[in-house]
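The opening residue of the sequence shown carries number 734 in my numbering; numbering runs sequentially from there. The beta carbon of each residue, even a glycine, is placed where N, CA and C say it ideally should be. Predicted model, so just to flag it, every value in this text is computed and none were measured. What follows is a set of notes on a single structure, which appears directly below.
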Amino acid sequence: MNRQHSDKAALRGEPGYVWRSGQQRRLGMIQQWVDLRGRVLDDGCGLGTYLRAFAPYSQARFGLEVEHERAVQAAAFADGVVQAVGEWLPFPDEAFDFVFSNEVIEHVQDDARYLAEMARVTRPGGRLLIFCPNRWYPVEQHGIFWRGVYHFGNIPLVNYLPNPLRRRLAPHVRAYTAHGLRRLVQPLPVRILHHSRIFGGYDNIERRFPRWGRRLKAVLYAAEKTPLQWLGISHLLVLEKLA
734 MNRQHSDKAA LRGEPGYVWR SGQQRRLGMI QQWVDLRGRV LDDGCGLGTY LRAFAPYSQA
794 RFGLEVEHER AVQAAAFADG VVQAVGEWLP FPDEAFDFVF SNEVIEHVQD DARYLAEMAR
854 VTRPGGRLLI FCPNRWYPVE QHGIFWRGVY HFGNIPLVNY LPNPLRRRLA PHVRAYTAHG
914 LRRLVQPLPV RILHHSRIFG GYDNIERRFP RWGRRLKAVL YAAEKTPLQW LGISHLLVLE
974 KLA
């Protein structure tokens, strides 16, 4: 529970440091729903992992990142990266064809405003795509606070606790039910094109136990097409901006 982590892990989460099969799989999911050839905003871009992955497709890639050091690194893979918060995007209305958020909304101060800003800067007919934590995944991956001390790591069953107890252990991060996520979206000028829950890449397990890791991934990815998807690690929500 005390493996090495950045000093921003509790407040901001950990950005993607390397590109592995889990990220590659998510890129494939994005491409199923989004034409990446337009103007793209990665809303909470971290170190620019996805901005770099979008480079072969889009010649107009922009990022927003609240942490200065991360924004500086991400700028190498974009036409522009601004340091700001997602609740107040420094971009004009309808500026982007695609706005992307990968495991960010759970960390912001005001998640409803964050989503509203994503919708504001998306052009009519443009797409928004969000990955965010599923409340019913059996493990809380963002660590917990115990007796005032932050413990980084994967903590089982925290998300199954009643809200008051969960907030005491994990006040720094949200996890969303399907109903709760859709309730946030309901007031916005968007329509839901797709909403599912997905499992992770489990690359560390596969690296340590290749045969069992591959079998685990095959079973879990097959489960995404069954009611067992409600146990997935993340929501995949795809929205289209209305005229």
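Rounded to whole angstroms, what's the CA-CA distance from residue i to residue j? Just pull it up for me.
i, j, result
"I763", "A956", "20 Å"
"A786", "Q756", "9 Å"
"R907", "A976", "31 Å"
"Q765", "W821", "29 Å"
"R803", "V751", "14 Å"
"L961", "W869", "11 Å"
"D768", "V891", "37 Å"
"Q842", "V818", "9 Å"
"N896", "R930", "21 Å"
"R860", "Q919", "16 Å"
"R916", "G858", "21 Å"
"R736", "A951", "Residue placement at R736 is poorly supported in this model, since its pLDDT is 40, which falls under 50; the coordinates are not used for a value here."
"E798", "D844", "16 Å"
"W945", "Y954", "14 Å"
"L784", "N887", "27 Å"
"R753", "G933", "11 Å"
"T959", "A911", "16 Å"
"Q874", "Q816", "26 Å"
"G779", "A788", "16 Å"
"E800", "G876", "20 Å"
"F824", "V832", "12 Å"
"G881", "L862", "35 Å"
"I966", "L894", "17 Å"
"V805", "P889", "35 Å"
Taking 8 Å as the threshold (C-beta atoms), are residue j and residue i in contact?
i, j, result
"P871", "L964", "yes"
"G771", "G781", "no"
"V826", "V854", "First, the amino acid is wrong: residue 826 is Asp here, not Val. Yes, these two residues count as a Cβ contact at 8 Å."
"D775", "M851", "no"
"V814", "S791", "no"
"R856", "F829", "yes"
"R759", "F864", "yes"
"H840", "L914", "no"
"P866", "Y909", "yes"
"L848", "L921", "yes"
Any idea which residues DSSP pairs residue i with across the strands?
i, result
"D936", "DSSP, once it has assigned bridges, lists no residue as partnering D936."
"Y883", "F878"
"R930", "H968"
"Y909", "N867"
"E873", "I888"
"I763", "I763 is not bridged to any residue."
"V952", "V952 pairs with nothing; no bridge assigned."
"G855", "It should be pointed out that residue 855 corresponds to Thr in this sequence rather than to Gly. Bridge partners of T855: F829."
"K974", "V923"
"R860", "F831 and E973"
"L774", "F795 and V832"
Notebook entry, point to check: Considering only residues of the stretch 776-816, which uninterrupted beta strand (DSSP E) runs meet the minimum length of 3 residues and lie entirely inside it, listed in chain order?
Noted result: The qualifying runs are 793-798 and 813-816.
Notebook entry, point to check: Are the stretch 933-944 and the stretch 900-914 in contact at 8 Å, needing three or more beta carbon pairs?
Noted result: The way I'd put it, the stretch 933-944 doesn't touch the stretch 900-914; fewer than three beta-carbon pairs between them come closer than 8 Å.
Check: What are the start and end residues of each continuous beta strand (DSSP E) run of 3 or more residues lying completely inside the stretch 819-845, in chain order?
Finding: Listed in chain order, the beta strand (DSSP E) runs fully inside the stretch 819-845 are 829-835, counting runs of at least 3 residues.
Check: Are at least three pairs of beta-carbons, each pair with one atom in the stretch 802-812 and one in the stretch 828-848, less than 8 Å apart?
Finding: Cβ pair count under 8 Å is below three, so no.
Next item on the list: Assess, as a yes-or-no matter, whether the stretch 913-927 is touched by the stretch 966-976 under the definition of 3 or more beta carbon pairs within less than 8 Å.
Entry: The stretch 966-976 vs the stretch 913-927: in contact.
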